[in-house]
Amino acid sequence: MSGFTTATYITLASTVVSAFGAYQQQQTVNNNIARQNIINSNNAIAAQNEANFQAEVARNNAIIARDNAEAVRLRGISAEQDKALAGEKVAGAARARQAALGFLVDDTEDSTNVGLIGDLAEATQLDILRIRDHADLEARRAEVQGVNFIAQADL
């Protein structure tokens, strides 16, 4: 015989089976690691895609905020013009009413009638300045919001 006993064959077979089992176990561990790496990679890609999407949304919001600021300015200019026109109408009506009552409307600058017309003009100018201030404030808020959106997009 070759000198191998049954016990030797059993030990050899057991060693082979044990080595094969260890090999399979290592393959399973390697496969799990590979799967986890793929999952991590996919999660990282998804997170990056989400961040890119959110940045684009923030950039679009910044454009909208800039447009809003411009729209507020234009509405402010329109409101100023409307107020100036309304003030001129009120002053004209007051002047016509004074003239209809027989007062001199082109009297000296220190006359009551000229002072009244001047007061109306000053009140109109004050209203126009308030309108302008409000429009500027709202436009500034929209601009700041746009800047904040840009900052958010750059994160």
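Numbered as in the numbering used here, the sequence shown ends at 229 without a single skipped number.
Glycine included, every Cβ here is placed at the ideal spot set by N, Cα and C.
Who are the Cβ neighbours of Thr198 in its own chain at under 7 Å, not counting the five residues just before and after it?
Excluding five sequence positions before and after Thr198, the CB atoms of its chain that fall closer than 7 Å to its own CB belong to Lys157, Ala158 and Gly161, given in chain order.
Can you tell me which of the three DSSP states Glu130 falls into?
Judged by DSSP in its simplified three-state form, Glu130 adopts helix.
Got a sec? Which residues, its chain only, sit under 7 Å from Asn187 by beta carbon, not counting five neighbours each side?
Result list for Asn187: Gln172, Phe177, Leu178, Val179 and Asp181, in chain order.
Grouping DSSP H, G and I as helix and E and B as strand, with all else coil, what is Gly166?
Three-state result, Gly166: helix.
Going by DSSP, what residue range makes up the alpha helix (DSSP H) through Thr198?
Per DSSP, Thr198 belongs to the alpha helix (DSSP H) from Thr186 to Ala227.
Is the distance from the Cβ of Ile205 to the Cβ of Gly150 below 8 Å?
A contact, by the Cβ cut-off of 8 Å.
Classification of Val16 by the beta-carbon crowding that lies within 10 angstroms, buried from 16 upward:
Residue numbering for the chain in the displayed model covers 75 to 229; residue 16 lies beyond these limits and cannot be assessed.
Given this structure, state the Cα-to-Cα distance separating Arg140 from Ala129, to the nearest angstrom.
Distance between the alpha carbons of Arg140 and Ala129: 17 Å.
Beta-carbon proximity list for Ala132, same chain, < 6 Å, skipping 5 on both sides:
Only residues of its own chain outside the window of five on either side were considered, and among them Phe223, Gln226 and Ala227 have a CB closer than 6 Å to the CB of Ala132, listed in chain order.
Straight-line gap, Asp210 to Ala195 (C-alpha atoms, nearest Å)
Distance between the alpha carbons of Asp210 and Ala195 is about 22 Å.
Would you mind working out which of Asn126, Leu175 and Asn114 sits nearest Leu229, comparing C-alpha positions?
The shortest CA-to-CA distance from Leu229 to any of Asn126, Leu175 and Asn114 is the one to Asn126.
By the three-class DSSP mapping on this structure, what secondary structure does Glu183 have?
Three-state DSSP puts Glu183 in coil, outside helix and strand.
Judging by CA-CA distance, which residue of Asn105, Gln155, Gly220 and Ala174 is the nearest neighbour of Leu203?
Minimum Cα distance to Leu203 is reached at Gln155.
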